[in-house]
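Please read the structure below before turning to the comments.
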Amino acid sequence: MELTETKRKLFIFTLLAGTFTMSISQSALSTAYPALMHFFAVDAATIQWLTTGFMLMMCVMMPVSPWLLNNISFKHLYLSVLALFGVGTLMIIFAPTFWLALLGRLLEATAVGILFPSFQTVLMTITPKDKRGQTMGAAGLVMGSALAVGPIISGIVLNFLRWQDLFWLFCFLMLVIFLVACVTISDVMERKPSQLDVCSLFYEGFGLGTLLYALTALKDPRQPLLNLLLLVLGLCLLIAFCRRQLKLTTPLLELRIVKYLDFDIGLLLTGLSYVSLIVVTIVFPLYYQKILGLSPLASGLSLVLPAVLLSVLNPVTGKLADKWGFKPVLLVGASMLLGGWAGLLLWQDHLGLPLLIAFSMVIEGGNAFVMMPATTLGANSVPKNLIAHATALTTTIRQLLGSLGVMLATLLLSSAGQSITQKSSYSRVFICFLLIEAVALVLALRLKEVKK
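Heads up, the sequence shown is in the numbering used here, so the first residue is 185 and it goes up one at a time.
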């Protein structure tokens, strides 16, 4: 279905509004942990499952998005996602026990896991190829802004109201977006109905879920054998999933797209840049609190400037990618990522708050030059009918590499009998991610595309 320019802009605005609200709810929850722990009478390890479980369910649902886009009207799919997220949020508000709240959180994650790959696929489908960078830059602006303002909104609400009122805010926003979407969202995707392969769904769901759970649990040394068995089981199920996709005529997730070199490079660059982004949001607050002695509030506020820079640069880098081509933009971004980690390593003995904020801004600025442009590059490298599969695979691998990055950083901080209160623990992290982003720079140099 062709859209006029006005309808296309309203369509994109409504689509990004839903994404923005869901992204805020994802980043704002950690601020509410103390209140939730007190209300449900659970410890920190238990309450953390509201985030861990969310990530697991979100990753499991991402590869299913291409099948949903091919078999369900996008308008109905988008409205269903909004409704599902709203139901999950209401369950959290009224939950008398933690486990019901966790179930509500998993419903939210199901909605997010479907929407995040789908909205990127739809944006690139309805946008001319030479303007995709700019459109995906706007998407990056929305997601980056949510990352920046989520904890701030949560802090303001919790300072004056109950934790339930934070979720009531999300419910209200979802209701408004739902009503607007009934008018502005159209069925823009061409459908190709196919039967859902239950066996593939089983392999993917249990394989990815078990693998991510095992990676998360590796930080707990109390059950090393069980964690190792779960890791092996998850890998075996995912191998079975991949083999089945290559045999099926209409696979759940088309893995043959890896034959496109630029897609592979875009996929890896997106994941490697996301690794730096997610690790910065975890390692830097620890450094601020454990090494510099800052309060949790001060350490949280120290992340606002880098997040704002990320938000501001995203639409700029999208326009530059459309104007100059992807390779120059990705080379700049990969160099910034490498330079940020190199600076942390070289000045590790003199790292105060100003230097740390400056280097985190370099890293997150580099992320703006890499993540969304690389995602767009990957989608541009495959035929239009495979964009949904390309986006789903990219988003899933990005989340998987993010989980691996967090696990690696955690292990490095606590290995060799050292603790997070020692600077040498952080030096290992700086060296490791310097090497990872060196790989990203090599990948950017391998790109064939030089100009628009």
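Glycine included, each C-beta is placed from N, C-alpha and C at the ideal position. Note that the coordinates shown come from a computational prediction; the quantities given were computed from them, not determined experimentally.
Between which two residues does the alpha helix (DSSP H) holding residue 435 run? Where residue 435 is concerned, there is no enclosing alpha helix (DSSP H), given that its DSSP letter is neither H nor E.
Enumerate in chain order the residues of its own chain whose CB-to-CB distance from residue 543 is below 6 Å, with the five nearest sequence positions on each side excluded. Only 524, 527, 528 meet the Cβ criterion.
Applying the 10 Å Cβ sphere with the 16-neighbour rule, what's the burial state of residue 460? Classification for residue 460: buried.
Assign residue 636 to buried or exposed, taking buried as 16 or more other Cβ atoms, counted over all protein chains shown, within 10 Å of its Cβ. Its pLDDT being 42, under 50, residue 636 is placed unreliably in this model, and the value from its coordinates should be taken loosely. By the C-beta density criterion, residue 636 is exposed, having fewer than 16 other C-beta atoms within 10 angstroms.
If residue 468 and residue 540 are in contact, beta carbons under 8 Å, what's the gap, nearest whole angstrom? With 8 Å as the limit, residue 468 and residue 540 qualify as a contact, their Cβ atoms being about 6 Å apart.
For residue 192, which residues of its own chain have a beta-carbon under 7 Å away from its beta-carbon, when the five flanking residues on both sides are left out? Excluding residues within five positions, the ones whose Cβ falls inside 7 Å are 310.
Flag residue 574 as yes if its beta-carbon sits less than 8 Å from any beta-carbon of chain D, otherwise no. The question asks about chain D, but that chain is absent: this structure has only one protein chain.
Nearest-angstrom Cβ-Cβ length linking residue 401 and residue 518, presumed shorter than 8 Å: Actually they do not touch by this definition, with Cβ atoms about 32 Å apart.
Tell me whether residue 313 sits in a helix, a strand or coil according to DSSP, three-state version. helix
Just how far apart, CA to CA, sit residue 574 and residue 307? Between residue 574 and residue 307, the C-alpha separation is close to 13 Å.
Grab the span of the alpha helix (DSSP H) containing residue 382 for me, first residue to last. 382-401
CB of residue 465 to nearest heavy atom of the ligand NAP: below 7 Å? In the structure on display, the ligand NAP does not appear, and there are no ligands present to speak of.
Mapping the DSSP letters down to three states, classify residue 361 as helix, strand or coil. helix
Residue burial classification, residue 431 (beta-carbon count within 10 angstroms, cutoff 16): exposed
Under 8 Å, do residue 521 and residue 554 count as touching if we go by C-beta distance? yes
Any 3 or more C-beta pairs closer than 8 Å across the segment 287-297 and the segment 225-243: Yes: the two stretches touch, three or more of their Cβ pairs being nearer than 8 Å.
If we ignore side chains and look at the alpha-carbon of each, how far apart do residue 444 and residue 570 end up? Each residue's alpha carbon lies about 12 Å from the other.
Sort 591, 611, 628, 617 by Cα distance to residue 236 and report the nearest one. 591
Count the CB pairs spanning the segment 318-330 and the segment 267-286 that are closer than 8 Å, and state whether there are at least three. no
Quick check on residue 444: does DSSP put it in helix, strand or coil? coil
Contact check, residue 194 vs residue 368, beta carbons under 8 Å: yes
Kindly indicate which three-state DSSP category residue 281 falls into: helix, strand or coil? Reduced to three states, the DSSP call for residue 281 is coil.
Over what stretch of residues does the alpha helix (DSSP H) that includes residue 233 continue unbroken? Residue 233 -> alpha helix (DSSP H) spans 233-245.
Going by beta-carbon coordinates alone, are residue 304 and residue 580 separated by less than 8 Å? no
Taking the straight line between their C-alpha atoms, what separation do you get for residue 600 and residue 608? With a pLDDT of 49 at residue 600, under the threshold of 50, the modelled position of this residue cannot be trusted; read the value that follows with caution. Rounded to whole angstroms, residue 600 to residue 608 spans 11 Å at the Cα level.
Since residue 631 and residue 475 should fall inside the 8 Å C-beta cutoff, what is the C-beta to C-beta distance between them, to a whole number of angstroms? Contact between residue 631 and residue 475 fails: their C-beta atoms lie close to 38 Å from each other, not under 8 Å.
Distance check for residue 233 and residue 514, CA to CA, integer angstroms please. 35 Å
Helix, strand or coil for residue 462, going by three-state DSSP, please let me know. helix
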